[in-house]
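Single-structure report; data block below.
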Amino acid sequence: MNKTAVFVGDTVFDTTIRVGALPAADEKVVSDHLTDSVGGVVTNAAVACSLTGTPTTLVSSVGTDAAGRECAAQAESLGLDFRPEVSAGASSRAVITIAEDGEKHLILIPGARMYPSEGVCRQLSLAQAGWLHTAVYDPEAARAVISRCAESGVPWSVDLEPATFPDGIETLADHIDGAAAVFCNSHAARAIGPSAVRILFELGARSVVFTEGSHGARWCAPGCAEVAVPVVRDTAPVADTTGAGDCLAGSFVGMMLDTGDPLESLRYAVTAASRSCSGLGGHPSYATRAEVTRLRRTAGTSPASGDATPHPAPVTPSVRGGSHDADE
Numbered sequence: 001m002n003k004t005a006v007f008v009g010d011t012v013f014d015t016t017i018r019v020g021a022l023p024a025a026d027e028k029v030v031s032d033h034l035t036d037s038v039g040g041v042v043t044n045a046a047v048a049c050s051l052t053g054t055p056t057t058l059v060s061s062v063g064t065d066a067a068g069r070e071c072a073a074q075a076e077s078l079g080l081d082f083r084p085e086v087s088a089g090a091s092s093r094a095v096i097t098i099a100e101d102g103e104k105h106l107i108l109i110p111g112a113r114m115y116p117s118e119g120v121c122r123q124l125s126l127a128q129a130g131w132l133h134t135a136v137y138d139p140e141a142a143r144a145v146i147s148r149c150a151e152s153g154v155p156w157s158v159d160l161e162p163a164t165f166p167d168g169i170e171t172l173a174d175h176i177d178g179a180a181a182v183f184c185n186s187h188a189a190r191a192i193g194p195s196a197v198r199i200l201f202e203l204g205a206r207s208v209v210f211t212e213g214s215h216g217a218r219w220c221a222p223g224c225a226e227v228a229v230p231v232v233r234d235t236a237p238v239a240d241t242t243g244a245g246d247c248l249a250g251s252f253v254g255m256m257l258d259t260g261d262p263l264e265s266l267r268y269a270v271t272a273a274s275r276s277c278s279g280l281g282g283h284p285s286y287a288t289r290a291e292v293t294r295l296r297r298t299a300g301t302s303p304a305s306g307d308a309t310p311h312p313a314p315v316t317p318s319v320r321g322g323s324h325d326a327d328e
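Take the sequence shown: its letters are residues 1 to 328, numbered as in our numbering.
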């Protein structure tokens, strides 16, 4: 039986609006596009994972309002095994405004819960789990489920959102220590401080996927040379980068469960994330595995061609073991 990827975190009802230019103070502008869709960092990642063909379970929280009901309906229609904790009150929402030049503003309105409760996390079955991915919007609840992963030998990954460590990255030490992969973008790196990758290794990360937007991503593992994976050539013009990093993380997790190869998984994930920027909204612009594979073939970045800068191959992530002696 195929192992399941389990995603634990946020579900948000996204409203995406496109305008010619973002308004100045007290200025009214007219939008030519509006879409509502289920979103959120971890929810988007779960959708991307599911599109690789990997069985995917999403555990999150929604409210008792219409937005929560719509999130549940959409998540289930996307093929996810959606297990929401329904909390009395409003669901989390986001309003995303995108200008024609690509400038984006995002306003998040947290709902009754941004993360499933500690009780739900303690009772979550990991019997068929091959990987667990999370963003730490509730440190105690996340600690509970990560502790269970460590005890059960289930690899886990953490998406570092700067909002989840306002008092310093050390507050997430328990969540990072032993993580098979930590996803870190430039915003999170600035919040961590100089030599962010080295600091994450010192905190116990077994590997770091450092995402660099239009420059692709880097695979970093203790004791190994970094491997740069550039953005695939010949992709469509960028329309909206919302959810691109989430797409990369979820695609990586799905491919890791399928191939067990971190570099091949990252090559696929970078291509999927690049492709997601060609449409509006988060997951609605995500491509299927067949579409990503065709794009890689067209661009000459199929698995056989090797589209990453060659370096000594890093060690496949594991839950335990490994040194912390690498530099960023």
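No residue lacks a Cβ here, since even glycine has one placed at the ideal position from N, Cα and C.
Within the same chain, Cβ atoms closer than 6 angstroms to the Cβ of Asp-174 are found at Arg-143, the five residues on either side in sequence being excluded.
Here DSSP, grouped into helix, strand and coil, assigns Pro-162 to helix. A buried status is given to Pro-222, since no fewer than 16 other beta-carbon atoms sit within 10 Å of its beta-carbon. In the structure shown, Glu-212 adopts coil according to DSSP, grouped into three states.
With a beta-carbon spacing of about 21 angstroms, Asp-32 and Phe-13 fall beyond the 8 angstroms limit used to define contacts. Rounded to whole angstroms, the Cβ separation of Asp-246 and Tyr-115 is 16 angstroms, and the two are not in contact under 8 angstroms. When the beta-carbon positions are compared, Gly-130 and Thr-4 come within less than 9 angstroms of each other. Around the beta carbon of Asn-185, 16 or more other beta carbons sit within 10 angstroms, so the residue counts as buried. Distance from the CA atom of Thr-211 to the CA atom of Arg-93, rounded to whole angstroms, is 25 angstroms. The beta carbon of Ile-169 lies closer than 6 angstroms to those of Ile-192 in the same chain, with the five residues before and after it left out. Listed in chain order, the beta strand (DSSP E) elements of length 3 or more contained wholly in the region 105–177 are 129–134 and 156–159. In terms of CA proximity to Thr-16, Ser-285 leads the group Glu-291, Ser-285, Glu-264 and Thr-298. Apart from the 5 residues on each side of it in sequence, Val-38 sits with its Cβ closer than 6 angstroms to the Cβ of Cys-71, Gln-74 and Ala-75 in its chain, given in chain order. Under the DSSP definition of a beta bridge, Thr-43 lacks any partner. Setting aside the 5 residues that flank it on each side, Lys-104 is surrounded in the same chain by Ile-96, Thr-97, Ile-98, Asp-240, Thr-241 and Thr-242, each with a C-beta closer than 8 angstroms to its C-beta; the list follows chain order. Within the same chain, Val-232, Val-292, Leu-295, Arg-296 and Thr-301 come within 7 angstroms of Thr-271 by CB-CB distance, once the 5 residues on both sides are set aside. Residue nearest to Val-209 within the set Met-256, Leu-58, Thr-164 and Thr-171 is Met-256 (criterion: CA-CA distance). Ser-207 sits buried, since 16 or more C-beta atoms from the chains shown fall within 10 Å of its C-beta. Within the region 246–288, the complete alpha helix (DSSP H) runs of at least 4 residues fall at 262–276. Runs of the alpha helix (DSSP H) spanning 4 or more residues and lying entirely within the region 176–207 occur at 186–192 and 196–202, in chain order. The continuous beta strand (DSSP E) containing Gly-63 extends over residues 56–63. Under the DSSP assignment, Ala-99 falls in the beta strand (DSSP E) whose first and last residues are 92–99. Rounded to the nearest angstrom, the Cβ distance from Asn-44 to Gly-204 is 26 angstroms, too far for a contact under 8 angstroms. With fewer than 16 other CB atoms across the displayed protein chains lying within 10 angstroms of its CB, Val-30 is exposed.
Around Ala-217, the same chain offers Val-209, Phe-210, Thr-211, Val-229, Leu-248, Leu-266 and Val-270 as residues with beta carbons nearer than 7 angstroms, after the five sequence neighbours per side are excluded.
Cys-224: not part of any beta strand (DSSP E); DSSP gives it neither H nor E. Ranking Ser-214, Phe-82 and Leu-51 by CA distance to the CA of Val-59 puts Phe-82 first.
Counting of Cβ neighbours within 10 angstroms places His-133 among the buried residues, the total reaching 16 or more. The beta carbon of Tyr-137 lies closer than 7 angstroms to those of Gly-9, Asp-10, Met-114, Tyr-115 and Thr-164 in the same chain, with the five residues before and after it left out. Rounded to the nearest whole angstrom, the CA to CA distance from Ser-157 to Gly-254 is 12 angstroms.
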